[in-house]
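K.L.:
There's a structure below that I have some questions on.
Residue numbers (the numbering used here): 23 to 174.
This is the structure in structure tokens:
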């Protein structure tokens, strides 16, 4: 008999199909933000600048299937490395499931779409600048701290 529970509550990340894995991503695009690692620590500083391949309105990669060729340092998130990607946001569904936690009620798989997530400011949609639109010398001056919602 098939389970009536959603797949993310019954499967480990390593057991998910490619379709399930991809649907788990909420498309917040926080992983697409350019960041600086603080020397000698696991801390990082976020910028409002995102990868040149990201559509800043939809938070979709314009060339998803070829992103690793077009942007060689684009990190592929997988079940084998999700625990080591310390810069993933605490709200990341991959991180939550890997740590045995529930998805937030705003996650598109639960809410039905991404509007609640956008309303809460979890998504970077319309809050970022494409690296296409900024001079590389100006990147170091771009530092942000997202304001978290009290509903998280």
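Glycine included, C-beta positions come from ideal geometry on N, C-alpha and C. All figures in this text were calculated on a predicted structure; none of them were measured in a lab.
Just how far apart, CA to CA, sit residue 101 and residue 120?
P.N.:
Rounded to the nearest angstrom, the two C-alpha atoms are 8 Å apart.
K.L.:
In the DSSP assignment, the beta strand (DSSP E) including residue 55 goes from what residue to what residue?
P.N.:
Here the beta strand (DSSP E) through residue 55 covers 55-59.
K.L.:
At 4 residues or longer, what runs of the alpha helix (DSSP H) sit wholly inside the region 86-161?
P.N.:
Segments of the alpha helix (DSSP H) lying fully in the region 86-161: 89-92, 115-120, 130-133 and 137-141.
K.L.:
In terms of alpha-carbon separation, which member of 56, 30 and 134 lies closest to residue 73?
P.N.:
Among 56, 30 and 134, the Cα nearest to that of residue 73 belongs to 56.
K.L.:
Determine the contact status of residue 144 and residue 50, defining contact as a CB-CB distance below 9 Å.
P.N.:
Yes, they are a contact pair.
K.L.:
Within the continuous alpha helix (DSSP H) that includes residue 32, where are the two ends?
P.N.:
From DSSP, the alpha helix (DSSP H) with residue 32 extends over 29-32.
K.L.:
Measure the beta-carbon distance from residue 150 to residue 71 and round it to whole angstroms, keeping in mind my assumption that it falls under 8 Å.
P.N.:
So it is a contact: roughly 7 Å between Cβ atoms.
K.L.:
Looking at the structure shown, is residue 84 part of a helix, part of a strand, or coil, going by DSSP?
P.N.:
Three-state DSSP puts residue 84 in coil, outside helix and strand.
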